[in-house]
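Protein chains: 2
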Amino acid sequence: MPVELNATAPDFARRFEAMVRAKRDAEADVSAVVAGIIADVRKRGDAVLHELNQKYDQVDSTRLGLRISQAEIDAAAAQVDAATMAALETAAERIRLFHARQKPADDFYTDAEGVKLGHRWTPLDAVGLYVPGGKAAYPSSVLMNAVPAVVAGVRRVVVAVPTPGGELNPLVMAALKLAGVTEAYRMGGAQAVAALAYGTETIRPVDKITGPGNSFVVTAKRMVFGQVGIDNPAGPSEILVVADAKNDPAWIAADLLSQAEHDEVAQSVLITDDAAFAGRVGAAVRQQLSTMPRSAIATASWERFGALITVPQLADAVPLVDAIAPEHLELAIDDPQVLAARVRHAGAIFLGRHTPEAVGDYVAGPNHVLPTAGAARFASGLNLLDFMKRTTLVQCDQASLDRIGPAAVRLAEAEGLHGHALSVSIRLNKGAS
Amino acid sequence: MPVELNATAPDFARRFEAMVRAKRDAEADVSAVVAGIIADVRKRGDAVLHELNQKYDQVDSTRLGLRISQAEIDAAAAQVDAATMAALETAAERIRLFHARQKPADDFYTDAEGVKLGHRWTPLDAVGLYVPGGKAAYPSSVLMNAVPAVVAGVRRVVVAVPTPGGELNPLVMAALKLAGVTEAYRMGGAQAVAALAYGTETIRPVDKITGPGNSFVVTAKRMVFGQVGIDNPAGPSEILVVADAKNDPAWIAADLLSQAEHDEVAQSVLITDDAAFAGRVGAAVRQQLSTMPRSAIATASWERFGALITVPQLADAVPLVDAIAPEHLELAIDDPQVLAARVRHAGAIFLGRHTPEAVGDYVAGPNHVLPTAGAARFASGLNLLDFMKRTTLVQCDQASLDRIGPAAVRLAEAEGLHGHALSVSIRLNKGAS
Chain A
20 MPVELNATAP DFARRFEAMV RAKRDAEADV SAVVAGIIAD VRKRGDAVLH ELNQKYDQVD
80 STRLGLRISQ AEIDAAAAQV DAATMAALET AAERIRLFHA RQKPADDFYT DAEGVKLGHR
140 WTPLDAVGLY VPGGKAAYPS SVLMNAVPAV VAGVRRVVVA VPTPGGELNP LVMAALKLAG
200 VTEAYRMGGA QAVAALAYGT ETIRPVDKIT GPGNSFVVTA KRMVFGQVGI DNPAGPSEIL
260 VVADAKNDPA WIAADLLSQA EHDEVAQSVL ITDDAAFAGR VGAAVRQQLS TMPRSAIATA
320 SWERFGALIT VPQLADAVPL VDAIAPEHLE LAIDDPQVLA ARVRHAGAIF LGRHTPEAVG
380 DYVAGPNHVL PTAGAARFAS GLNLLDFMKR TTLVQCDQAS LDRIGPAAVR LAEAEGLHGH
440 ALSVSIRLNK GAS
Chain B
20 MPVELNATAP DFARRFEAMV RAKRDAEADV SAVVAGIIAD VRKRGDAVLH ELNQKYDQVD
80 STRLGLRISQ AEIDAAAAQV DAATMAALET AAERIRLFHA RQKPADDFYT DAEGVKLGHR
140 WTPLDAVGLY VPGGKAAYPS SVLMNAVPAV VAGVRRVVVA VPTPGGELNP LVMAALKLAG
200 VTEAYRMGGA QAVAALAYGT ETIRPVDKIT GPGNSFVVTA KRMVFGQVGI DNPAGPSEIL
260 VVADAKNDPA WIAADLLSQA EHDEVAQSVL ITDDAAFAGR VGAAVRQQLS TMPRSAIATA
320 SWERFGALIT VPQLADAVPL VDAIAPEHLE LAIDDPQVLA ARVRHAGAIF LGRHTPEAVG
380 DYVAGPNHVL PTAGAARFAS GLNLLDFMKR TTLVQCDQAS LDRIGPAAVR LAEAEGLHGH
440 ALSVSIRLNK GAS
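Residue numbers (our numbering), protein chains in the order written: chain A, 20 to 452; chain B, 20 to 452.
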C-alpha cells in the first residue's frame, strides 16, 4: 500500500522525512570490473570492443565493423511507420526550437577603470551520447540529448549503442537521423564509455559523455570524469502532483502511474488539500493498475514508494515540495503560476490541469533529462549550456593596469606569491602603452 | 631543463603530445580513510569534528565552539593593514561587478501551438565553501568563491576552515567579512566536507560544496556528490603564453614564473615565433629564479614541466593552444583579439602585453577558479550559474494539448509506455478548457 499522510497528524514530520529520505536506488558496486574494462580498452582498443560485442550481444563486429553505416541507419529508420515518424519529427522540432532560445550571450565591455573584459561561450568540439540497448532504448532520450548538442554547435555528436543480437532499433536510428547524427558505433557498457573517453584505432575520443545507462555505464562515466566531462547522474524517475478536488481523479491517477510504470523504484506522490479526493485518486490508481500493460512494474512502485499526502491548504504544499525537490512537479490547480512562483526547487514544473508530465517527456520542448533524488536543490536539467563552455577575457592597457595593478601586487605579496607580484609590478608605470 | 621544442622539427608532434599528456597530478588514494570519516560524521556528528580538530590542529573546539563567532572574525580581520584591506576591497568589488553581469534571464513565452513554456533560474539555498588552512589559505580564493555565491542570491554561504594551532588567518577572515559571509566553522579535511553535506547537531547541511583542498577534501567531495553538488575538480595550475619578439623577455619570464611558483607540478609554457626570443626568455627565467623567494618550487616546476616552443608563425600556435586547452592563456602579441577569436579552448584569456595573468588572480573581476589539465575542452570557470539552477516550465490548455498531445501519445505507445500515453490521451478532445 502507498503511504497515506496527513499534515495535521502528530507524526507527520517524521513520516514525511522518512519518505523523502528513503533510498530507492541501490546501485551495484561494479567498480573493480569497470576499472579493468577501461584499462583494457586503453591498452587494446578496438579488440576489446569486438570481444565484448561477441560475448554480450552475440554480434560479430569484426565482420560488420564497429561503425554503423549510414545505409544501416537509413534501412532501420525506414521501418518506422509514417505516423510515428511524424511524431518524432514534431518532437525533434519542438526540442530544437526550445533549446535554440537558450543560446547564451557573449559580453565584452570596458569598465570604469578602462579594463576591457567579458566572456564568450563556445560549443564543445565532440560529444558522445550513450544509448542503452534493447528495451531501454528510448528514441525520445536520443532526441533530448542529441538535439541540444547539435543546436549548441557541437561538430561531432557520436553515438554508442549496443545491438543485442545485431539488431538496430528502428526508432533509435530514426531519432539519430532526425537529430542529424551520422557517427554511431555498435558498442555498449563500460567499454563503450572507455572508447568514447580515450579513443581507439577506429574511434576518435570525445570531450564529454552524456546519456543514461546501467550501473556499468554509470560507474564508467564516473571513472572517466576529468578525462572528459559527464552529465549529472540520473536516478529513478519521480513525480509530485499537487492537485485540488476539482480534478478528475482518473487524470491525476494516470499522471501518477505514468512515472510508476517506468521502474519499480520510481516514486509517485500526490499532495492535495482534500482527504476525500486523495481517496478517490487512490481508488482510480487501483482501477487503472488492473488494466495497464506495465501493471507489475507500476504496482511495485506504487505499493512501495507511492504516497498520498493531505495538507490543510494548497499553500502548505510549498515547503513539502521544496523538501522533496522533485524531478517533475505538476500543479493541477487554479492559478498554478502563483504556487509555482513560491516553489524554489523542482527540475520541471507542469502548470495547470491540461499539462500531464508525459507531454514533457516527448513533445513539449524542454528537456526530459532532469535532476532526480532531490538534486533539483543544486542542479538543472540538461540544457544547451551543457554542450558549451565559457571563456573569460581580460585586456588591460598601460593606463588601466596602472590603476588596478597595485592592488594585485599588494594581495600577491600578502599571500606570499612574490612571482605573481613581480609579473604585475614589472609592467607598472612604464608610460604610454 | 625545460623542454625546448621547434614545430618544424621532425619529432615535434610526438614530443608535443608527450608534453600535453604528461600527468602532473598524482592524487593519493585515500578513499578508504575518507569513507570511514564520512560514515563516522554521519553517525556521531559534532563529536567527530571535535576529536579531529584536537588531533590534527590541536584545537579544543568543545571549548571554543565549532562556530567561529562574529567577534572572532572581526578581531582577526582587524589585524589586516589598511593598504591590504583596501586591495581586498578593490578585488571584492571588481569580482562583484563582473559576476553581477552574469545574472541569467528567465524566459516564458507562448509558442505557435499555444503552449506556454520557458525556464527560470533560482539561486541555491545554501552553499558550503571549503577554505584550506595554513599556508594554502588564500583570501583571493575566498572572494572568488563566496562573492559569486552571494551575488547569485544564495541565502546561506557557510565556510569551513581548519585552524591549525587555533589561529584564524586574518586575511581569510577579512575576505569573509568583505564577501558578507557570517557563518563559519573551524573544521577541516574530509570531516568538514561530511559535516557540510550531511549536517551535524550544530551545522545545518548545505546543497553544494565548492573550494579547493588537499586529497582528503577532494576525495570527500567526490564521495558526497549526489547528496550535494560539487564544483569541478581542480588540478595544478598552468599558464600558456603566446608571445612575439617585441615583448620584454623579463615580462614574459615573470608571467611564466608566476604560475611555476604555485606548485612543483604547475606548468608554464611559452609559444613564440622567434627561437632567439625563446632563448632570451629562458635566460630571463633563469635570472629571476635565482632571486625569487619561492625559487625552489618554481625551479622544480620549470625544470620538470616548463616548455619553450617555437613555431614558424604565430597563427601556428592556435592548434597547439587548443590541444593544450590551457587554464590560462596569455596573448602578448599585436592584435590579440584576432588570435583569441580563433582559439576554441581556454579557461581564461589575457589579451595584450599589459595583462599579466596574475592581475586575473586578484583584481580583474573574472573568476580565478578555472578548468585545468585540458578540462577547458568541456568545462567553464566558476561563475554565477554554478550557484543557481534552472527549472523549466510548461503550460498547455485544452486547445494546445489537443495540438501537441497526439504526437506524445504516439511516441509513448511506440516506446511501450502505455501509462504515459494514457495520461495524455485521457485529457484529449474534452472541449473548451
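No residue lacks a Cβ here, since even glycine has one placed at the ideal position from N, Cα and C.
B/Thr-219, DSSP secondary structure in three states = On the second sequence, residue 219 of chain B is found 200 positions in, with the first residue counted as 1. It is coil, neither helix nor strand.
Give me the Cβ distance between A/Gly-147 and A/Val-225, rounded to the nearest whole Å; I'm assuming they're in contact under 8 Å.
-> In the first sequence, the residue the question calls residue 147 of chain A occupies position 128. In the first sequence, the residue the question calls residue 225 of chain A occupies position 206. Yes, A/Gly-147 and A/Val-225 are in contact; Cβ-Cβ is about 4 Å, under 8 Å.
From B/Arg-409 to A/Ala-110, what does the alpha carbon distance come to, in whole angstroms?
-> Walking along the second sequence from the start, residue 409 of chain B turns up at place 390. Walking along the first sequence from the start, residue 110 of chain A turns up at place 91. Each residue's alpha carbon lies about 21 Å from the other.
Would you mind telling me which residues of chain A sit closer than 8 Å to B/Gln-98, beta carbon to beta carbon, in chain order?
-> In the second sequence, residue 98 of chain B corresponds to position 79, counting from 1. The contacting residues do not exist; B/Gln-98 stays about 12 Å from chain A at best.
How many angstroms separate the CA atom of A/Ser-50 from the CA atom of A/Ala-239?
-> In the first sequence, counting from the first residue as 1, residue 50 of chain A sits at position 31. In the first sequence, counting from the first residue as 1, residue 239 of chain A sits at position 220. Spanning the two alpha carbons is a distance of roughly 8 Å.
From A/Pro-151, A/Val-443 and A/Leu-370, residue whose alpha carbon lies closest to that of A/Val-357 = What you label residue 357 of chain A is simply residue 338 of the first sequence in a count that begins at 1. For the residues A/Pro-151, A/Val-443 and A/Leu-370, the minimum Cα distance to A/Val-357 belongs to A/Leu-370.
Enclosing beta strand (DSSP E) for A/Lys-227 [first to last residue] = Position 208 of the first sequence, counted from the first residue, corresponds to residue 227 of chain A. 227 to 229 is the span of the beta strand (DSSP E), which, as asked, contains A/Lys-227.
Which of the three DSSP states, helix, strand or coil, is assigned to B/Glu-436?
-> The count along the second sequence starts at 1 and reaches residue 436 of chain B at position 417. Here the sequence assigns Leu to residue 436 of chain B, which means Glu is not the residue at that position. Three-state DSSP puts B/Leu-436 in coil, outside helix and strand.
Just mark B/Tyr-128 as buried or exposed, buried being the case when its beta carbon has 16 or more other beta carbons within 10 Å.
-> The residue given as residue 128 of chain B occupies position 109 in the second sequence. Flag for B/Tyr-128 reads exposed.
B/Ala-412 - partner residues in DSSP beta bridges = One-based indexing of the second sequence puts residue 412 of chain B at position 393. It is worth fixing the name first, because residue 412 of chain B is Leu in this sequence and not Ala. DSSP lists A/Ile-368 and B/Gly-137 as partners of B/Leu-412.
Pull up the distance between the alpha-carbon of A/Asp-125 and that of A/Leu-333, whole angstroms please.
-> For the purposes of this step, residue 125 of chain A is taken as residue 106 along the first sequence, with counting starting at 1. For the purposes of this step, residue 333 of chain A is taken as residue 314 along the first sequence, with counting starting at 1. Looking at the two C-alpha atoms, the distance is approximately 41 Å.
Who are B/Val-146's beta bridge partners in DSSP?
-> As a working note, residue 146 of chain B is residue 127 in the second sequence. B/Val-146 is bridged to B/Val-176 and B/Lys-227.
Closer than 8 Å, CB to CB, is B/Phe-397 near chain A or not?
-> As a first step, residue 397 of chain B is located in the second sequence; it is residue number 378 there, counting from the start. Yes - at least one Cβ of chain A is within 8 Å of the one on B/Phe-397.
What number of angstroms, rounded off, separates the C-alpha of B/Asp-130 from the C-alpha of A/Lys-122?
-> The count along the second sequence starts at 1 and reaches residue 130 of chain B at position 111. The count along the first sequence starts at 1 and reaches residue 122 of chain A at position 103. Near 17 Å, if we compare the C-alpha coordinates of A/Lys-122 and B/Asp-130.
Mind listing the chain B neighbours of A/Gly-248? Cutoff is C-beta to C-beta under 7 Å, in chain order.
-> What you label residue 248 of chain A is simply residue 229 of the first sequence in a count that begins at 1. Residues of chain B passing the Cβ test: Phe-397 and Ala-398.
Can you tell me which of the three DSSP states B/Val-456 falls into?
-> Chain B is shown only over 20 to 452; residue 456 of chain B falls outside these bounds and no answer can be derived.
Using a beta-carbon distance cut-off of less than 8 Å, what residues from the segment 218 to 231 of chain A approach chain B?
-> Asp-226 and Lys-227
Beta-bridge pairing of A/Ser-320 - partner residues as DSSP gives them = What you label residue 320 of chain A is simply residue 301 of the first sequence in a count that begins at 1. Paired residues: none, contrary to the question.
In its own chain, which residues sit with a C-beta less than 8 Å from the C-beta of A/Asp-353, not counting the 5 before and 5 after it?
-> Residue mapping note: residue 353 of chain A aligns to position 334 of the first sequence, counting from 1. Closer than 8 Å at Cβ, skipping near neighbours: Asp-263 and Lys-265.
Would DSSP call B/Glu-91 helix, strand or coil?
-> Here the question's residue 91 of chain B lines up with position 72 in the second sequence. Helix at B/Glu-91.
Kindly list the residues whose CB is nearer than 6 Å to the CB of A/Ala-165, restricted to its own chain and excluding five residues on each side of it in sequence; keep chain order.
-> Taking the first sequence and counting its residues from 1, the one referred to as residue 165 of chain A is at position 146. Result list for A/Ala-165: Leu-148, Val-176, Ala-198 and Val-200, in chain order.
Spatial neighbours of B/Glu-220 in its chain, beta-carbon cut-off 7 Å, leaving aside the 5 residues before and after = As a position in the second sequence, residue 220 of chain B is number 201, starting the count at 1. Within the same chain, B/Glu-220 has close Cβ partners Gly-64 and Asp-65.
Out of B/Ala-156, B/Thr-374, B/Ala-168 and B/Leu-136, point me to the one whose CA is closest to B/Pro-183's CA.
-> Locating residue 183 of chain B in the second sequence gives position 164, counting from the first residue. The shortest C-alpha separation from B/Pro-183 is found at B/Ala-156.
Where A/Arg-40 and A/Thr-27 are concerned, what is the direct C-alpha to C-alpha distance, given to the nearest angstrom?
-> Here the question's residue 40 of chain A lines up with position 21 in the first sequence. Here the question's residue 27 of chain A lines up with position 8 in the first sequence. Approximately 20 Å between the Cα atoms of the pair.
Counting only beta-carbon atoms, is A/Glu-186 nearer than 8 Å to chain B?
-> Working through the first sequence from its first residue, we reach residue 186 of chain A at position 167. It does not: the Cβ of A/Glu-186 has no partner Cβ on chain B nearer than 8 Å.
B/Val-161 to B/Arg-422, Cα distance in whole Å?
-> Looking up residue 161 of chain B in the second sequence gives position 142. Looking up residue 422 of chain B in the second sequence gives position 403. The straight-line gap from Cα to Cα measures roughly 52 Å.
For the segment 286 to 351 of chain A, which segments carrying the beta strand (DSSP E) assignment without a break, of at least 3 residues, lie completely within its bounds, in sequence order?
-> 286 to 291, 326 to 329 and 347 to 351
Can you give me the Cβ contacts of B/Phe-31 inside the same chain, cut-off strictly under 8 Å, excluding the 5 residues immediately before and after it?
-> Taking the second sequence and counting its residues from 1, one reaches residue 31 of chain B at position 12. So the qualifying residues of the chain are Leu-24 and Asn-25.
Along chain B, in chain order, which residues have C-beta atoms closer than 9 Å to that of A/Thr-27?
-> Position 8 of the first sequence, counted from the start, is the residue given in the question as residue 27 of chain A. Within 9 Å Cβ-Cβ: nothing; A/Thr-27 doesn't reach chain B, min ~26 Å.
State buried or exposed for B/Met-20, treating a residue as buried only when at least 16 other CB atoms are found within 10 Å of its CB.
-> The residue labelled residue 20 of chain B in the question sits at position 1 within the second sequence. So B/Met-20 ends up on the exposed side.
Proximal residues, the segment 250 to 271 of chain B versus chain A, C-beta separation under 7 Å | Pro-252, Ala-269 and Trp-270
Cα-Cα separation, B/Asp-416 to A/Leu-404 | Reading the second sequence from its first residue, position 397 is the one you call residue 416 of chain B. Reading the first sequence from its first residue, position 385 is the one you call residue 404 of chain A. Answer to the nearest angstrom: the Cα atoms are 29 Å apart.
DSSP three-state assignment for B/Ile-537, whether helix, strand or coil = Since the first and last residues shown for chain B are 20 and 452, residue 537 of chain B lies out of range.
N-terminal and C-terminal residue of the beta strand (DSSP E) that B/Glu-112 is part of | For the purposes of this step, residue 112 of chain B is taken as the residue at position 93 of the second sequence. From DSSP, B/Glu-112 is part of no beta strand (DSSP E) but of the alpha helix (DSSP H) over 101 to 119.
How big is the Cα-Cα spacing for A/Gly-185 and A/Thr-229?
-> By 1-based counting over the first sequence, the position of residue 185 of chain A is 166. By 1-based counting over the first sequence, the position of residue 229 of chain A is 210. Rounded to whole angstroms, A/Gly-185 to A/Thr-229 spans 23 Å at the Cα level.
Report yes if the CB atom of B/Ala-319 is closer than 8 Å to the CB atom of B/Ala-365, and no otherwise.
-> Taking the first residue of the second sequence as position 1, residue 319 of chain B is located at position 300. Taking the first residue of the second sequence as position 1, residue 365 of chain B is located at position 346. Result no, Cβ atoms of B/Ala-319 and B/Ala-365 do not sit closer than 8 Å.
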